[in-house]
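Asks: So that we are looking at the same thing, I have put the structure below in structure tokens.
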Amino acid sequence: MKNYVITIFILFILSYLLSFSITFRRFRKARKYFFFAVQILFIAAGMAAKPFAAEIIEGFKSYIGISAIILIAMISFISAMEFRLNRLRRLDRINTYTAVTMMTATALPIVLLLIYTGSESIFISICTGLFLSGTAFSYVTHSTSMSAKRTVYTAILSPLLLIAVYFIVLMIKQIQSWDVVLILQTALYLTMLILIIPVTNYFSHIFSRIEWTITLIAFIFIITPFSVHLGIIPVLPAFIAGLLFTNLNPINADRFLSLFKVTEKPAYLILLFTAGIFIEPALSGLYLALVIILIRLLFKVFILRTFRMPLKNTFVLNGLGGFEFICLIALYLTNGVDGTILFSAAIVILSGQIIQGVYSDVSK
Amino acid sequence: MFLSELLSVAVCMLGLLFLKTAAPFHYNSIVYLGLIILTALFTGRLFRRIGLPVITGYMFSGLLISPFTFGMTPLSYINDFKLIDYFAITFIGMQAGSEMRMRILKRDLKPIVITTIFIILISAGGVVLVMCLLRNVLFTDPRLRENLIYLIMFLAVFEIAKSPVTTIAIINETGIKNKFTYRILGITVLKDIILVLIFTAVTAFVEFHAKNTGLTLSGFSPVLVELLGSLILGFILAMIFTVYLKYISVDSVLFISIFAFIISVLGDHYHINPLIAGISAGFFIENYSEKNRHFEKTLKKLSPFIYVLFFPMASAVLDIKVIPKVILPVIILLILRKVFVFLSFVAASRFVKLEKYTMTHGWMGLINQSGITLALAIIIANTLKAIGMDYLGAYLKTVAIASIIITDFYGPPLFRYAVLRSGRYFSKTISGENDSEISSGTE
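Chains A and B, in that order, are what the protein sequence lines are.
Going letter by letter, the first sequence gives residues 0 to 363 in numbering that gives the first Met the number 0.
Going letter by letter, the second sequence gives residues 0 to 442 in numbering that gives the first Met the number 0.
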């Protein structure tokens, strides 16, 4: 565990040295792609650490695995805190129809492709396809001008749909296995979560900001292992908790969000390193990634344009963000997705960021 | 609200009990960690509500969840969570170092040094004298009597030990920084440095004497190298941090954590003292870096998270059941500690100008021993075991633990009381300048 932490810290120091270089004027233009370079650094470092990390790979059920899962839960919680459901009141049928169509049209071919390439589990294929059909909502909302409102709302709806569909798929899987105990446990667990959040939210006004942050972190430590025990990827309960927390008490949520946001980027980078350890680079993975990129480009961009959906700057919707990647990492850690698929996903996500970055200014 | 906090602590304890009795599942150690954090947080709030320091609450929660008290948490998990020690010790050292401002130290160096010397001489000498006089009452076991001189020497070393950890925590909690707090902190830090030298000398003497070999000066060189190395490492890291803050200045919270962790890991491998390295780093940044305010703010942001993890874990390894076995010598040592420290302040005031308040209340800041005494006790126990004095080593460790447990509970509240009261006698300053007494320090 100590060696793992040391390696992570060395990587952070390297990334800081990298950022030091872009303070020089001649490299200022590269600033836009700095975070992209840092992500590659961490994933590559994880892949390079693989020969020395045999114990980590075999015993992912050690603290490395659970620390990754906790980070996943934290990022999901923070991501969910950005969703104010009152924005959805501005959605019209066209937005909803567009978002659902886009997701289905993108996910379905990817799922079929994964099944065709020999994925053993239909459940894993469906979940992978679902996550790879997403859209980096936070990037869209922050970088797209509000005049492209339809694009923004479609982006907001994307991860919500993703989580909802994942939840349905999970329930179907549990019902299919006729594991009554598991279904009851899951239902009880999610019910408790839905009840606990309003109760703790009630007490939030008597805690200081720091105390409440510590309390939320402790809750994440408590709920995450139960998720893994029940076979639920930790994204789901943390996302539900974050969604409830931010919408029940938006003023308080804003106070805590700024404190939480400080941890989001370092947590995400540490996860990339952990993912890098489990990634298995292969040519088949590269081909799979290229096909998935083409599917996303085709269905998201061209079909929307062909059917004249009133969306501006649809290339922006082609990006995949950290949220989708962490969903995939979580899926891997809890259900054992093939490392090659994780490799493909990393390529899809990083290339999506490049495409998104290049075209993000069009609508401004 | 008191009831709701008490109820919250009870619910957390029930949760721990449920985990203990239920079938273990993967990662239930992390659930334990979450419940321990919540227990500590609510216990801290409870203690604050009744006027006691929050860290005393954290330490009490550590005893509650300890595997030795009610067996709530498995010992293996507590040992696993000790990774936080790597951050905490160095981090707290950095906080202590950042409190030492040169412009105040220049004024106060002589009183701090003189008072520290008096405390060491009077406390150690006094303990040796009293223990020799009471040896027939306190140490009746023949296994202790046959190595009595070693026993008394080590007890004298324990008498000097004082951890700056709780001192810093109380000063931060109260937010009061005046001449009194600077003096106490300065004395604590200086004592810590001198203690390392004295401890090495005593251990070397015992080892050589027991083995009938000659004591040479070369026995001291490792510890001098360690001290010097720690100071230099702290200076190097202070430079790195200043450059980082000047040119990059992002994720400073994470960077400080990296800082603290690297020092601790180097401490493991290269015999660097992480506490002294942290103090050195904090000192140089505070006094010679233009980014000292940023550094201080970052430390302040991190401290609640560090304290809520560190103090419960530090207490959780203490076995409360040892106290009855050594209660008499521990009570006598604790009484002597107060008396001798008080006398030391009085004696020092004859040679340097000490305010009356510091003279009468300074002893309250030098009670708590905490982690440093435990670390010394473990080293002593291992050293004595290596030279065939297992029983003596075990006895000293028991005395140390009992002493720590008792002082952990009244030491911080007493110091907090003294700090809060000092606000009436010294003008409260944040910068440390214009630190003049409101009155002459007389009541």
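A virtual CB, placed ideally from N, CA and C, is assigned to each residue, including glycine.
1. Checking contacts by CB at 8 angstroms: is residue 370 of chain A closer than that to chain B?
2. Taking all protein chains shown into account, decide if residue 389 of chain B is buried (16 or more other Cβ within 10 angstroms of its Cβ) or exposed.
3. Mapping the DSSP letters down to three states, classify residue 425 of chain B as helix, strand or coil.
4. Mapping DSSP to helix, strand and coil, what is residue 116 of chain A?
5. Answer with buried or exposed for residue 268 of chain B, where buried requires no fewer than 16 other C-beta atoms within 10 angstroms of its C-beta.
6. Which residue's Cα is closest to the Cα of residue 18 of chain B: B:7, B:5, B:32?
7. Residues in its own chain within less than 7 angstroms of residue 8 of chain B by CB, not counting five upstream and five downstream?
8. Determine the contact status of residue 278 of chain A and residue 194 of chain A, defining contact as a CB-CB distance below 8 angstroms.
9. Taking 8 angstroms as the CB-CB limit, is residue 44 of chain A close to chain B?
10. Please classify residue 442 of chain B as buried or exposed, where buried requires at least 16 other C-beta atoms within 10 Å of its C-beta.
11. Near residue 349 of chain A, what residues of its chain come up, given a Cβ to Cβ distance below 6 angstroms and the 5 sequence neighbours on each side ignored?
12. Count the CB pairs spanning the region 318-327 of chain B and the region 71-90 of chain B that are closer than 8 angstroms, and state whether there are at least three.
13. Which class does residue 83 of chain A belong to by DSSP, given the choice of helix, strand or coil?
14. Tell whether a beta-carbon distance below 8 angstroms holds between residue 36 of chain B and residue 222 of chain A.
15. Can you tell me whether residue 131 of chain B is buried or exposed, with buried defined as 16 or more other CB within 10 angstroms of its CB?
16. Give the interface partners of residue 171 of chain B over in chain A, defined as CB-CB distance under 9 angstroms, in chain order.
17. Measure the alpha-carbon distance for residue 110 of chain B versus residue 252 of chain A and round it to whole angstroms.
18. With a threshold of 8 angstroms between beta carbons, is residue 33 of chain B in contact with chain C?
19. Residues in the same chain with beta-carbon distance under 8 angstroms from residue 337 of chain B, minus the five sequence neighbours each way, listed in chain order, please.
20. Between residue 297 of chain B and residue 2 of chain B, what straight-line distance do the alpha-carbon atoms span, to the nearest angstrom?
21. Thinking C-alpha only, which one of A:70, A:134, A:48, A:114 is nearest residue 259 of chain A?
22. If we call anything under 8 angstroms between Cβ atoms a contact, is residue 259 of chain B one with residue 86 of chain B?
23. With 16 as the cutoff for other CB atoms within 10 Å, does residue 301 of chain A come out buried or exposed?
24. Would you tell me roughly how many angstroms separate the C-alpha atoms of residue 60 of chain A and residue 66 of chain A, rounded to the nearest one?
25. May I have the straight-line CA-CA distance separating residue 324 of chain A from residue 270 of chain A, to the nearest angstrom?
26. Residue 484 of chain B versus chain A: which residues are under 8 angstroms apart at the beta carbon?
27. On the criterion of 16 or more Cβ atoms from any shown chain inside 10 Å, does residue 360 of chain B qualify as buried, or is it exposed?
28. Is it buried or exposed for residue 406 of chain B, if we count other Cβ within 10 angstroms and need 16 for buried?
29. Is it true that the CB of residue 54 of chain B sits closer than 8 angstroms to the CB of residue 191 of chain B?
30. Who are the near neighbours of residue 140 of chain B in its chain, counting only those whose CB is closer than 6 angstroms to its CB and skipping five residues on each side?
31. Just curious, the alpha helix (DSSP H) that residue 121 of chain A is in, first and last residue?
32. Alpha carbon to alpha carbon, what distance is there between residue 64 of chain B and residue 420 of chain B?
33. Quick one: list the residues of chain B neighbouring residue 233 of chain A, beta-carbon separation under 7 angstroms, in chain order.
34. Considering only the beta carbon of each residue, do residue 127 of chain A and residue 327 of chain A sit closer than 8 angstroms?
35. Starting from residue 79 of chain B, trace the alpha helix (DSSP H) both ways and give me its first and last residue.
Replies: In terms of the structure at hand:
1. Because chain A in this structure spans residues 0 to 363, residue 370 of chain A falls outside the shown range and cannot be described.
2. In the second sequence, the residue the question calls residue 389 of chain B occupies position 390. Exposed, since its Cβ has fewer than 16 Cβ neighbours within 10 Å.
3. Translated into the one-based positions of the second sequence, residue 425 of chain B becomes position 426. The answer is strand: DSSP assigns residue 425 of chain B an E or B state.
4. Looking up residue 116 of chain A in the first sequence gives position 117. It is coil, neither helix nor strand.
5. Locating residue 268 of chain B in the second sequence gives position 269, where the first residue counts as 1. When all chains shown are included, residue 268 of chain B counts as exposed.
6. One-based indexing of the second sequence puts residue 18 of chain B at position 19. In terms of CA proximity to residue 18 of chain B, B:32 leads the group B:7, B:5, B:32.
7. Looking up residue 8 of chain B in the second sequence gives position 9. 38, 41, 42, 45.
8. As a first step, residue 278 of chain A must be located in the first sequence, where it is residue number 279. As a first step, residue 194 of chain A must be located in the first sequence, where it is residue number 195. No; because the gap between Cβ atoms is not below 8 angstroms, this pair is not in contact.
9. Position 45 of the first sequence holds residue 44 of chain A. Chain B contact via Cβ: absent.
10. To locate residue 442 of chain B, count along the second sequence from 1; it is residue 443. Since pLDDT at residue 442 of chain B reaches only 30, below the 50 mark, its modelled position is unreliable, and the value read off the structure follows with that caveat. The residue in question, residue 442 of chain B, is exposed, as its Cβ has fewer than 16 Cβ neighbours within 10 Å.
11. Indexing the first sequence from 1 puts residue 349 of chain A at position 350. Cβ neighbours of residue 349 of chain A beyond the five flanking positions: none.
12. no
13. Taking the first sequence and counting its residues from 1, one reaches residue 83 of chain A at position 84. Three-state DSSP puts residue 83 of chain A in coil, outside helix and strand.
14. Start at 1 with the first residue of the second sequence, and residue 36 of chain B comes out as number 37. Start at 1 with the first residue of the first sequence, and residue 222 of chain A comes out as number 223. No. Outside cutoff.
15. Taking the first residue of the second sequence as position 1, residue 131 of chain B is located at position 132. Classification for residue 131 of chain B: exposed.
16. Here residue 171 of chain B refers to the residue found at position 172 when the second sequence is read from its first residue. None at all; the shortest Cβ gap to chain A is about 12 angstroms.
17. Residue numbering aside, residue 110 of chain B sits at position 111 when the second sequence is read from its first letter. Residue numbering aside, residue 252 of chain A sits at position 253 when the first sequence is read from its first letter. Residue 252 of chain A has its alpha-carbon roughly 50 angstroms from the corresponding atom of residue 110 of chain B.
18. Among the protein chains of the structure shown, namely A and B, there is no chain C.
19. As a working mapping, residue 337 of chain B is identified with position 338 in the second sequence. Answer for residue 337 of chain B: 362, 366, listed in chain order.
20. By 1-based counting over the second sequence, the position of residue 297 of chain B is 298. By 1-based counting over the second sequence, the position of residue 2 of chain B is 3. Spanning the two alpha carbons is a distance of roughly 34 angstroms.
21. Residue numbering aside, residue 259 of chain A sits at position 260 when the first sequence is read from its first letter. Residue A:70 is the option with its Cα nearest to residue 259 of chain A.
22. As a working mapping, residue 259 of chain B is identified with position 260 in the second sequence. As a working mapping, residue 86 of chain B is identified with position 87 in the second sequence. Against a cut-off of 8 angstroms, the Cβ pair of residue 86 of chain B and residue 259 of chain B comes out as a contact.
23. What you label residue 301 of chain A is simply residue 302 of the first sequence in a count that begins at 1. Counting Cβ neighbours within 10 Å, residue 301 of chain A comes out exposed, since fewer than 16 surround it.
24. Working through the first sequence from its first residue, we reach residue 60 of chain A at position 61. Working through the first sequence from its first residue, we reach residue 66 of chain A at position 67. Any reading at residue 60 of chain A needs caution, since the residue's pLDDT is 46, under 50, leaving its predicted position unreliable; the model's value is listed next. Their backbone Cα atoms lie some 10 angstroms apart in a straight line.
25. Within the first sequence, residue 324 of chain A is the residue found at index 325, counting from 1. Within the first sequence, residue 270 of chain A is the residue found at index 271, counting from 1. Taking the straight line from one Cα to the other gives about 10 angstroms.
26. In the structure as shown, chain B starts at 0 and stops at 442, and residue 484 of chain B therefore has no counterpart that could be examined.
27. In the second sequence, counting from the first residue as 1, residue 360 of chain B sits at position 361. Counting Cβ neighbours within 10 Å, residue 360 of chain B comes out buried, since at least 16 surround it.
28. Translated into positions along the second sequence, residue 406 of chain B becomes position 407. Counting the other CB atoms within 10 Å of its CB gives residue 406 of chain B a total of 16 or more, which places it among the buried residues.
29. Locating residue 191 of chain B in the second sequence gives position 192, counting from the first residue. Locating residue 54 of chain B in the second sequence gives position 55, counting from the first residue. Cβ distance not < 8 angstroms, so residue 191 of chain B and residue 54 of chain B don't count as in contact.
30. Residue mapping note: residue 140 of chain B aligns to position 141 of the second sequence, counting from 1. Taken in chain order, the list of residues that qualify is empty.
31. On the first sequence, position 122 is the one that residue 121 of chain A refers to. 121-131 is the span of the alpha helix (DSSP H), which, as asked, contains residue 121 of chain A.
32. Numbered from its first residue, the second sequence carries residue 420 of chain B at position 421. Numbered from its first residue, the second sequence carries residue 64 of chain B at position 65. Their backbone Cα atoms lie some 33 angstroms apart in a straight line.
33. Within the first sequence, numbered from 1, the residue matching residue 233 of chain A stands at position 234. Those within 7 angstroms of residue 233 of chain A in chain B number zero; the least Cβ separation is about 11 angstroms.
34. Start at 1 with the first residue of the first sequence, and residue 127 of chain A comes out as number 128. Start at 1 with the first residue of the first sequence, and residue 327 of chain A comes out as number 328. Cβ atoms of residue 127 of chain A and residue 327 of chain A: closer than 8 angstroms.
35. Within the second sequence, numbered from 1, the residue matching residue 79 of chain B stands at position 80. From DSSP, the alpha helix (DSSP H) with residue 79 of chain B extends over 74-79.
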